[in-house]
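A quick write-up on the structure given underneath.
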Amino acid sequence: MKKILFTLAIFCFATTAYSADVTIEMLNKNKETKQRMVYSQELVKIDAGKTIEWLPTAKGHNVEMLAGPDGYELPKKTKLNDPVSIKFDKPGIYLYQCSPHAALGMIGIVVVGGDTSNKDAIAKLKLTGSKSKKKRDKLLEGV
Ligand SMILES: [Cu+2]
Numbered sequence: 263m264k265k266i267l268f269t270l271a272i273f274c275f276a277t278t279a280y281s282a283d284v285t286i287e288m289l290n291k292n293k294e295t296k297q298r299m300v301y302s303q304e305l306v307k308i309d310a311g312k313t314i315e316w317l318p319t320a321k322g323h324n325v326e327m328l329a330g331p332d333g334y335e336l337p338k339k340t341k342l343n344d345p346v347s348i349k350f351d352k353p354g355i356y357l358y359q360c361s362p363h364a365a366l367g368m369i370g371i372v373v374v375g376g377d378t379s380n381k382d383a384i385a386k387l388k389l390t391g392s393k394s395k396k397k398r399d400k401l402l403e404g405v
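Last residue of the sequence shown: number 405 in our numbering, and the count goes up by one each step with no gaps.
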């Protein structure tokens, strides 16, 4: 019994520590939605100061930030197959894509601090291919 309680305590602690961050997987196929070439979570809402980690679960993907709130300095796009962690301090909407699969609609949106004031700018941004645009518009409906 003691052992079970101890295990439970460890599990709860680990879960709490983990929830401070978000992990997004780069996938060739999302087993739940059956969609190909996607991030495991395409729309993520976090508080300012939180960190998101992208994991190269499948090979051949990267993370290329395309836009963020005013004054946000875009980080360099990552190399294929590299994991990356980005801390989001500035509230606003961020849009990113997977460079080789942008035309297939492999994009994602992060909303930080519930701030959607740059939504129009994100909605007007030029993207690669109609699939990306369609997904961007759909994701923006949920921000
Ligand atoms: Cu990709």
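Ideal Cβ placement from N, Cα and C applies to all residues, glycine included.
- If you draw a straight line from the Cα of serine 394 to the Cα of serine 379, it is about 21 Å long.
- In the three-state DSSP reduction, leucine 387 falls in the coil class, being neither helix nor strand.
- Around the beta carbon of proline 318, a 10 Å sphere encloses 16 or more other beta carbons of the protein chains shown; the residue is thus reported as buried.
- At the C-beta level, isoleucine 384 and isoleucine 355 come within 7 Å of one another.
- In the DSSP assignment, leucine 357 falls within the unbroken beta strand (DSSP E) covering 354-359.
- In the DSSP annotation of this structure, threonine 295 is not part of any beta strand (DSSP E), being labelled neither H nor E.
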